[in-house]
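2 protein chains.
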Amino acid sequence: MTYCVAIKLDDGIICLSDTRTNAGIDTISKYKKMFTWQREGDRVITMMTAGNLAITQAVISLLNENIEHVEDGIETLYTAPTMFRVAEIVGDAMRIVMGRYGPGLTAAGESSASSIVVAGQRAGGDMRLFQVYSAGNFIEATEDTPYFQIGEHKYGKPILDRVIEPSTPLNVGITAAFLSMDSTLRSNLSVGMPLDVAVMRQGQIGFDQLRRIEEGDEAWAEMSEAWSGALRGAFHEMTQIDV
Amino acid sequence: MTYCVAIKLDDGIICLSDTRTNAGIDTISKYKKMFTWQREGDRVITMMTAGNLAITQAVISLLNENIEHVEDGIETLYTAPTMFRVAEIVGDAMRIVMGRYGPGLTAAGESSASSIVVAGQRAGGDMRLFQVYSAGNFIEATEDTPYFQIGEHKYGKPILDRVIEPSTPLNVGITAAFLSMDSTLRSNLSVGMPLDVAVMRQGQIGFDQLRRIEEGDEAWAEMSEAWSGALRGAFHEMTQIDV
Numbered sequence: 001m002t003y004c005v006a007i008k009l010d011d012g013i014i015c016l017s018d019t020r021t022n023a024g025i026d027t028i029s030k031y032k033k034m035f036t037w038q039r040e041g042d043r044v045i046t047m048m049t050a051g052n053l054a055i056t057q058a059v060i061s062l063l064n065e066n067i068e069h070v071e072d073g074i075e076t077l078y079t080a081p082t083m084f085r086v087a088e089i090v091g092d093a094m095r096i097v098m099g100r101y102g103p104g105l106t107a108a109g110e111s112s113a114s115s116i117v118v119a120g121q122r123a124g125g126d127m128r129l130f131q132v133y134s135a136g137n138f139i140e141a142t143e144d145t146p147y148f149q150i151g152e153h154k155y156g157k158p159i160l161d162r163v164i165e166p167s168t169p170l171n172v173g174i175t176a177a178f179l180s181m182d183s184t185l186r187s188n189l190s191v192g193m194p195l196d197v198a199v200m201r202q203g204q205i206g207f208d209q210l211r212r213i214e215e216g217d218e219a220w221a222e223m224s225e226a227w228s229g230a231l232r233g234a235f236h237e238m239t240q241i242d243v
Numbered sequence: 244m245t246y247c248v249a250i251k252l253d254d255g256i257i258c259l260s261d262t263r264t265n266a267g268i269d270t271i272s273k274y275k276k277m278f279t280w281q282r283e284g285d286r287v288i289t290m291m292t293a294g295n296l297a298i299t300q301a302v303i304s305l306l307n308e309n310i311e312h313v314e315d316g317i318e319t320l321y322t323a324p325t326m327f328r329v330a331e332i333v334g335d336a337m338r339i340v341m342g343r344y345g346p347g348l349t350a351a352g353e354s355s356a357s358s359i360v361v362a363g364q365r366a367g368g369d370m371r372l373f374q375v376y377s378a379g380n381f382i383e384a385t386e387d388t389p390y391f392q393i394g395e396h397k398y399g400k401p402i403l404d405r406v407i408e409p410s411t412p413l414n415v416g417i418t419a420a421f422l423s424m425d426s427t428l429r430s431n432l433s434v435g436m437p438l439d440v441a442v443m444r445q446g447q448i449g450f451d452q453l454r455r456i457e458e459g460d461e462a463w464a465e466m467s468e469a470w471s472g473a474l475r476g477a478f479h480e481m482t483q484i485d486v
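Protein chains in written order, with my numbering: chain A, 1 to 243; chain B, 244 to 486.
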């Protein structure tokens, strides 16, 4: 399984992904699910993937192949004039890959379902956040729904619903993303450390943070423990109320 | 959808269920999913159902039919000597109903998946808590896993995992069940009020509580609000930690 969350705030976009994949309970491996592209001052793009690993890897590879063979004149992540076009290019790559492998997977009774979160900013444009589906179609995050989750989304959703608004400060949004991941890590064994974090600040065409949080990270463990304690405290208050 | 939770503590068993069912997003109705049987001082039984409504209604009806036609000599919920036999009787009824309708549902591409939580106590026996599956097989709650959830279980699981142990006092367990339901109500529109509550205290062969919490219940709303406030407070503490 997978858990990836992307939050679009007025101040910037936060992306957080785990690295565990499994093909059955006895085939668990570690794969990076976050991919980034940047050209300082021109564009910064982060993608996160969930679903069929072969499908999403093929999509990412195809996008990178096209960048390397720019002489073919195909529009790429680095030549697209807007983030909207970037989302379309990702959707087109998804359609090509699904066309190649989807029918075979369906025939074998395997799921080909995949999704890709696409976030970023082009110089002169707004920050934008999209979620691309298996069919290559996509939706964009709005003021009403400023975040996307892909993969195992349920455990980590309540904290986002309670805390996230477009005006939420970036550091508060990062905490919410971390606690959303913490709840998911605790409840679903097929979501696992290490984690990849990307933070893109509004108007700054580059990464404010781009780092990995390793298994056993002390600050992460401290936060996780403190959150457990705070929740137990909050719960204790509740036992005083008679329903 | 449905959310039902049953918690087995040293002090007793708590059952809590919602009442919303849906066949598609535009066919939502209200159905009680909690069923009780009691003979004061002899036995007390609570069941909660999830899954295909026609299947679970047929199982409950069959169990009640057999009680009414006791002259047929069939062992019933009221004549079974132990709670284990009660679980077997429910499993047998499930197998009969699934045998009748399962193949037709499968042929129509509909899900026949259903589950029934069975909780109770027989005079002279221990309190026991079982979960019966579609095939009529069942598992029992243990010290390691003292609760069962059926239906939309993910949103309400983290609070149970953090709080529930066999030694948890009954009133604390009730609060945990209520907050587990509150999280689910907030996150899934197909789970809805009113709620049915049954509390059976260890050694008392009857109901300590058997009541309905209606939509708009003031004490419930107060608890829900207080929990939101407490969570926001707990979250605010977290934003002070730097990961």
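Beta carbons are placed, not taken as given, at the ideal position from N, Cα and C, and that holds for glycine.
The shortest CA-to-CA distance from Gly472/B to any of Gly120/A, Arg122/A, Met238/A is the one to Met238/A. Here Gly120/A really is in contact with Ile45/A; their C-beta atoms are around 4 Å apart, less than 8 Å.
Taking 7 Å as the cut-off, the Cβ atoms of Gln445/B and Met370/B count as close. Note: Val118/A is bridge-paired with Met47/A, Phe130/A in the DSSP secondary-structure output.
A contact is defined here as three or more CB-CB pairs under 8 Å, and the region 204 to 218 of chain A fails this definition with respect to the region 154 to 163 of chain A.
For Leu189/A, the secondary structure class from DSSP, reduced to helix, strand or coil, is coil. Among the CB atoms of chain B, one or more fall inside 7 Å of the CB of Met238/A. For Tyr246/B, the closest Cβ of chain A is not nearer than 7 Å.
Inter-residue distance for Pro409/B and Ala420/B is about 14 Å (C-alpha atoms, whole angstroms).
Burial check for Thr27/A: the Cβ neighbour count within 10 Å stays below 16, so the residue is exposed.
Taking 7 Å as the CB threshold, Tyr398/B lines the interface with chain A. What Ser187/A touches in chain B, judged by beta-carbon distance under 9 Å, is Lys397, Lys400, Pro401, Asp404, going in chain order. For Glu395/B, the number of other beta carbons within 10 angstroms of its own is at least 16, and it is reported as buried. Bridge partners of Trp37/A according to DSSP: Ile45/A. For the C-beta of Ala469/B, the chain A residues within less than 8 Å are, from N- to C-terminus, Glu237, Met238, Ile241. Beta-bridge analysis with DSSP links Lys273/B to Arg263/B. The residue among Phe278/B, Asp315/B, Thr299/B, Arg455/B with its C-alpha nearest the C-alpha of Tyr376/B is Thr299/B. In this structure, the CA atom of Gln38/A is about 40 Å from the CA atom of Thr427/B. Restricting attention to Thr2/A, Gly233/A, Asp217/A, Met223/A, the CA atom closest to the CA of Ala113/A is found in Thr2/A. Here Thr76/A is buried. Its C-beta has 16 or more other C-beta atoms within 10 Å. Taking every protein chain shown into account, the CB of Leu413/B has 16 or more other CB atoms within 10 angstroms, so this residue is buried.
The alpha-carbon of Glu225/A is positioned some 26 Å away from that of Ile241/A. If you draw a straight line from the Cα of Ile317/B to the Cα of Leu306/B, it is about 10 Å long. Between Leu195/A and Asp42/A, the C-beta gap is not smaller than 7 Å, which leaves the two residues out of contact.
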